[in-house]
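First comes the structure, then the notes that go with it.
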Amino acid sequence: MASKQTNAGAEPAPEALHLPPGKILQQLAGTVSYDAKGKALGVVGRDVPAQLLVQLNDGTIRPLKPAEARAYKRWLA
């Protein structure tokens, strides 16, 4: 008799949590943040708050939406 396999304890896939396709990025405190034109905005964690970003499959980077950030933090827990 074949044994039945289960996914007990397996991590849910990111798409199951409605995360955007691409890579989730975390800004590092102490690094300089720049705008799209290359102008320095300040130091992350001091002048600019650190935030979660997503790099989409086409290469663009944008901040995570609040609902996406909550889903990502639940996925990490």
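First residue of the sequence shown: 30, per the numbering used here; consecutive thereafter.
For every residue, glycine included, the Cβ atom is placed at its ideal position computed from N, Cα and C.
| Query | Result |
| --- | --- |
| Pair within 8 Å by beta-carbon distance, Q56 and Q84 | no |
| Terminal residues of the alpha helix (DSSP H) in which R99 lies | 95-105 |
| Own chain partners of V107 with C-beta closer than 8 Å, once the 5 adjacent residues on each side are dropped | It is not possible to answer for residue 107, since the shown part of the chain is limited to 30 through 106. |
| Backbone CA spacing between V77 and P50 [nearest angstrom] | 26 Å |
| Spatially closest choice to A65 from K52, R75, T89, by CA coordinates | T89 |
| Inter-residue CB distance, R91 and L105 (contact presumed, cutoff 8 Å) | That belief does not hold up - the Cβ atoms of R91 and L105 are roughly 20 Å apart, past 8 Å. |
| Residues near G71 by beta carbon distance below 7 Å, same chain, minus five either side | S62, V77 |
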